[in-house]
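Structure record follows, encoded as structure tokens.
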Amino acid sequence: MKIIKKLNKWANSHAYYPIDILRIVLGIFLIIKGISFIKDSSYLEELLVGLDDFSVMIWMVHYVGMFHFVGGIMLVFGLLTRLALIIQLPIFVGAVAINFFAVFNTQNFTEASIVLFVSFFFILYGSGKHSIDYDLKMQA
Numbered sequence: 001m002k003i004i005k006k007l008n009k010w011a012n013s014h015a016y017y018p019i020d021i022l023r024i025v026l027g028i029f030l031i032i033k034g035i036s037f038i039k040d041s042s043y044l045e046e047l048l049v050g051l052d053d054f055s056v057m058i059w060m061v062h063y064v065g066m067f068h069f070v071g072g073i074m075l076v077f078g079l080l081t082r083l084a085l086i087i088q089l090p091i092f093v094g095a096v097a098i099n100f101f102a103v104f105n106t107q108n109f110t111e112a113s114i115v116l117f118v119s120f121f122f123i124l125y126g127s128g129k130h131s132i133d134y135d136l137k138m139q140a
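Okay, so the sequence shown: first residue is 1 according to the working numbering, each after it adds one.
Structure (structure tokens):
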């Protein structure tokens, strides 16, 4: 807990607009990806074709789309940023790993790697000074 408090103090003293913009861009990207997975679930089903259990595949298709959409909205507003990203961390790791188990797609691998790296950054950094998390913390 002391480490998180130290990280929060450091993040609040180094609050810059580009970092907040990066958080918002990541959130918008996740919203767009979530909508695309919800609208066109066949693409995600193609990626998960190796799963033998049909019910697991259908559950994963709905899990990925909805968590990207809701997590993206939370990131845009800076609401429970760390929690939203920690919940989606298995999706991001799976998106990177799926390229090694299926056909390697450079664009998908690059997108997934960047999102994973930026997510780790915001899990450590937090939501920043221009967020709902910061406003709620200041009111308490």
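Where a beta carbon is used, it is the ideal one built from N, C-alpha and C, also for glycine.
Annotation for residue 133: the continuous alpha helix (DSSP H) segment containing it runs 132–139. DSSP places residue 92 in the uninterrupted alpha helix (DSSP H) bounded by 81–101. Taking C-alpha positions only, residue 86 is separated from residue 93 by approximately 11 Å. Pairing residue 65 with residue 96, the inter-Cα distance amounts to about 17 Å.
In the structure shown, residue 109 falls within a helical segment according to DSSP collapsed to helix, strand and coil.
DSSP places residue 41 in the helix class (H, G or I) of the three-state scheme.
Within its own chain, the residues whose Cβ lies closer than 7 Å to the Cβ of residue 105, once the five positions on either side in sequence are excluded, are 99, listed in chain order. Taking every protein chain shown into account, the CB of residue 62 has fewer than 16 other CB atoms within 10 angstroms, so this residue is exposed. In this structure, DSSP gives residue 36 a helical state, which the three-state scheme calls helix. Contact annotation: residue 126 and residue 76 have beta-carbon atoms that are not nearer than 8 Å. Cβ neighbours of residue 109 within its own chain (closer than 8 Å, five residues either side excluded): 96 and 99.
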